[in-house]
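This report refers to the structure that appears directly beneath it.
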Amino acid sequence: MDPVISYSGLELSLVELILAFAVLLLGVLFGIALTRHSARRAQGKMTEMLNLMSDRQNELQGRLSQFTEAAERREEKLRTNLDTRLDQVSHKVGQSLSETQERSAKNLKDLHERLALIDRAQKNIETLAGEVSSLQAVLSNKQARGAFGEKQMQDLIANFLPPNAYSFQAVLSNKTRVDALIHLPGDQGDVPVDAKFPMESWKRLSESTGKAEQRVAAMDFRRDVSIHVKAIADKYLIFGETYDVALMFLPSEAIYAELHTHFADIVDKSFKQRVMIVSPTTFMATLHTMRAVMKDAKMREQAHILQKEIGILAEDVRRLSERTNKLQTHFN
1 MDPVISYSGL ELSLVELILA FAVLLLGVLF GIALTRHSAR RAQGKMTEML
51 NLMSDRQNEL QGRLSQFTEA AERREEKLRT NLDTRLDQVS HKVGQSLSET
101 QERSAKNLKD LHERLALIDR AQKNIETLAG EVSSLQAVLS NKQARGAFGE
151 KQMQDLIANF LPPNAYSFQA VLSNKTRVDA LIHLPGDQGD VPVDAKFPME
201 SWKRLSESTG KAEQRVAAMD FRRDVSIHVK AIADKYLIFG ETYDVALMFL
251 PSEAIYAELH THFADIVDKS FKQRVMIVSP TTFMATLHTM RAVMKDAKMR
301 EQAHILQKEI GILAEDVRRL SERTNKLQTH FN
């Protein structure tokens with residue numbers, strides 16, 4: 001057979017060429033088959049991987065959905081809690097603001113009331129300061145001071161006793177004039193009351209500083225009070241006319257307290273002279289006792305009159321009974 005192709009010194013016949021082509025074709029087909037098998041295997045693996053990825057994706061998507069739902073639930077719960085907290089905070093803030101406003105209004109009201117009280121107190125202090133100045137002017141004058149003590153004594157008597165139970169500026173049988181006479185019931189006599197105000201000596205005593213100055217002021221105060229006590233005892237205690245005790249009225253509680261605290265011997269001496277020293281407070285208690293005595297005496301007097309009237313009524317009843325008996329005897 002003649003060669004058909006000559007290549008690099010090799011001569012190939014048609015049969016050989018066909019065989020070679022067939023072998024080549026088989027190789028190609030085998031390669032293609034092998035490639036297809038590999039491709040199918042790769043495709044299977046790819047499909048398996050894709051299925052796995054799809055499963056993983058579905059699982060991931062499910063988890064993502066669950067996470068999203070959980071996140072939404074947590075967000076909703078958080079929103080609800082925040083709304084609740086905000087409502088509570090708003091309520092508390094509103095309530096606190098309301099309470100603060102009420103307290104502020106109350107504090108302002110109290111402040112206004114206190115300021116009004118302070119204003120009234122200031123006016124009262126100014127009025128009192130004026131009255132104190134007037135009182136100091138009165139007390140600085142001896143005659144005005146005596147009139148002040150006498151007026152205070154008269155007011156107390158008039159407030160406690162009935163008008164027929166006292167007399168002011170009464171003249172006694174020895175021609176002396178007493179500030180007041182209190183009329184006791186029966187034949188006990190009248191109680192003389194005289195107002196005294198040893199202002200100068202007491203003021204010197206209260207303002208003294210050194211021991212020597214205090215000693216001199218105490219002697220002056222003791223002397224002045226003793227002179228007043230003796231004058232009352234000598235002028236107003238009259239046997240058979242006045243009561244056996246007179247009252248010396250001191251219009252100052254401070255002077256009365258000073259006497260009983262540091263000058264008890266003068267008080268004892270006044271008792272021996274039958275002069276009782278009284279202050280406005282103790283004088284009120286004395287007047288209260290006198291009023292009770294007067295009421296008791298009046299009740300006893302009325303009881304005596306009542307007994308007398310009952311006796312007269314009993315006598316009338318006895319006479320009526322006798323006349324009734326006589327009439328019955330006459331008709332019988």
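According to my numbering, the stretch in the sequence shown is residues 1 to 332, in order. C-beta: ideal position from N, C-alpha, C; glycine also.
Counting along the chain, the unbroken beta strand (DSSP E) around Leu181 starts and ends at Arg177 to His183.
Per DSSP, reduced to three states, the secondary structure at Asp190 is strand. Residue pairing by DSSP places Ile277 opposite Met248 in a beta bridge. Taken through DSSP and simplified to helix, strand or coil, Thr100 comes out as helix. Using a Cβ-Cβ distance cut-off of 8 Å, the stretch 225–235 and the stretch 275–284 are in contact, since at least three pairs of beta carbons, one from each stretch, lie closer than that value. Taking one beta carbon from each stretch, the stretch 184–203 and the stretch 252–264 have 3 or more pairs nearer than 8 Å; the two touch. When DSSP states are grouped into helix, strand and coil, Ser167 belongs to the strand group. When DSSP reads this structure, Thr242 sits in a beta bridge with Asp190. Distance check between Val171 and each of Pro163, Ile182 and Pro162 places Ile182 closest, using alpha-carbon atoms only. Spatial neighbours of Ala233 in its own chain (CB-CB distance under 7 Å, excluding positions within 5 residues in sequence) are listed in chain order as Ala246, Gln273, Arg274 and Val275. Annotation for Asp110: no residue places its beta carbon closer than 6 Å to its own, counting only its chain and skipping 5 residues before and after.
The closest CA to that of Asp190, considering only Gln66, Ala257 and Asn164, is found on Asn164. Excluding its 5 nearest sequence neighbours in each direction, Asn174 has C-beta neighbours in its own chain below 8 Å: Lys235 and Ile238, listed in chain order. Judged by their CB atoms, Phe168 and Asp179 are nearer to each other than the 8 Å cut-off.
Here Ser270 is buried, its C-beta having at least 16 other C-beta atoms within 10 Å.
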